[in-house]
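Per UniProt numbering, the very first residue in the sequence shown carries number 1; after that it's consecutive.
The C-beta atom is built at its ideal place from N, Cα and C for all residues, glycine as well.
A quick write-up on the structure given underneath.
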Amino acid sequence: MVDNQKRIARWYFGGVASSIGVCVTHPLDLLKVLIQTNKEQISVVGMTRKIIKEDGVLTLYNGISASLLRQYTYTLTRFGIYAFGQQVMDTSSMSRKVALSSVAGFIGGLVGAPGDMLNVRMQNDVKLPADKRRNYKHAIDGLVRVCREEGPRHLFNGAGVAALRGMLMTVGQIAFYEQTKDVLIENFGFKKNMNTFIFASVVSAVTATMITQPFDVVKTRRMSARPGEYSGLGDIFIKTAKEGPMAFFKGSIPAFTRLGPHTVILFLTLEFLRTHFGYMPAEK
């Protein structure tokens, strides 16, 4: 009889699982972006009321096409590289998990930078005056217009920060999820079931939020900026710092409120796909 718990996830399962999660949590991601790019302090509830009152409830799904594009580039790449790496190297120790997830996240951040930028811009449109909105119809329209109006290289605005954030995010998510799950099963007698997966995913979500938030704020401001608004990443850091040290943690609550459910949905879906549609490892 086949032990389904031994099945291995296919390389594209991460992208599929993440896209399902983002359909649920996209409004929270939009709120996070708007709060991070807002110069004044505003609560999640206040921002939500403002958006719904001025533009309608469906506005909370602005940029969903770019968000899905991001999942099928950024998340698919980092989970795919990690899945491949697990087959060619030993990832039993935390240090090896961190090393592999760092490489996977860095590459994923670079690959997903265009989708990430469009996601930020389309979400940020909500708070801009009507005459200053970019009004991309969808992600593909955004890609074409950026290439035509600003040049192809602008698709990778903030790619360096996105890669660093992707590296930290992947360490926080994948490495801490896998290590927490291993420790619970091997040292505390947990079973490979939903309770274990949820506990491990919450730990990974908390860790990922804490270590990525400053980079996330800088990345969001770089990607949403208009030409000439900032002279470079150093300028963004300086101007953000002038708002106070906590400016680097703007949007932390909506960030975790989004990342928590998204991470839980992602890993539960990933475990379901692995168990039911994964493949058995080749016998050595």
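Residue i to residue j, Cα distance in whole Å?
| i | j | result |
| --- | --- | --- |
| residue 243 | residue 52 | 27 Å |
| residue 267 | residue 102 | 18 Å |
| residue 230 | residue 193 | 48 Å |
| residue 271 | residue 9 | 8 Å |
| residue 182 | residue 93 | 10 Å |
| residue 241 | residue 188 | 43 Å |
| residue 21 | residue 269 | 8 Å |
| residue 274 | residue 19 | 16 Å |
| residue 30 | residue 144 | 22 Å |
| residue 200 | residue 128 | 39 Å |
| residue 250 | residue 123 | 16 Å |
| residue 247 | residue 215 | 11 Å |
| residue 158 | residue 169 | 16 Å |
| residue 11 | residue 79 | 7 Å |
| residue 96 | residue 66 | 32 Å |
| residue 82 | residue 57 | 37 Å |
| residue 107 | residue 213 | 19 Å |
| residue 261 | residue 281 | 30 Å |
| residue 89 | residue 191 | 25 Å |
| residue 150 | residue 142 | 11 Å |
| residue 195 | residue 17 | 18 Å |
| residue 126 | residue 59 | 7 Å |
Which of helix, strand or coil does DSSP assign to residue i?
| i | result |
| --- | --- |
| residue 12 | coil |
| residue 279 | strand |
| residue 210 | helix |
| residue 225 | coil |
| residue 2 | Here the model assigns residue 2 a pLDDT of 47, short of 50, so the residue's position is not dependable and the matter cannot be decided. |
| residue 94 | helix |
| residue 294 | One cannot answer for residue 294 here, as it falls past the ends of the chain, which runs 1 to 284. |
| residue 194 | helix |
| residue 43 | coil |
| residue 231 | coil |
| residue 63 | coil |
| residue 89 | coil |
| residue 243 | coil |
| residue 251 | coil |
Out of the options, which one is the CA nearest neighbour of residue i?
| i | options | result |
| --- | --- | --- |
| residue 109 | 160, 227 and 195 | 160 |
| residue 69 | 188, 200, 210 and 118 | 118 |
| residue 225 | 20, 236 and 216 | 236 |
| residue 104 | 282, 84 and 187 | 84 |
| residue 209 | 172, 57 and 107 | 172 |
| residue 265 | 190, 47 and 13 | 13 |
| residue 203 | 50, 23, 112 and 263 | 263 |
| residue 197 | 177, 212 and 186 | 177 |
| residue 163 | 148, 115, 64 and 282 | 115 |
| residue 227 | 97, 91 and 132 | 132 |
| residue 166 | 254, 77 and 120 | 77 |
| residue 257 | 141, 63, 26 and 195 | 26 |
| residue 33 | 260, 219 and 261 | 219 |
* Asked: Counting pairs of beta carbons, one from the segment 57-74 and one from the segment 148-155, are three or more of them closer than 8 Å?
  -> no
* Asked: Would the segment 133-150 and the segment 36-44 be scored as touching if the rule is three or more Cβ pairs under 8 Å?
  -> no
* To do: Could you pull out every unbroken alpha helix (DSSP H) segment of at least 4 residues lying fully inside the segment 110-192, listed in chain order?
  => 113-124, 139-149, 159-170 and 176-187
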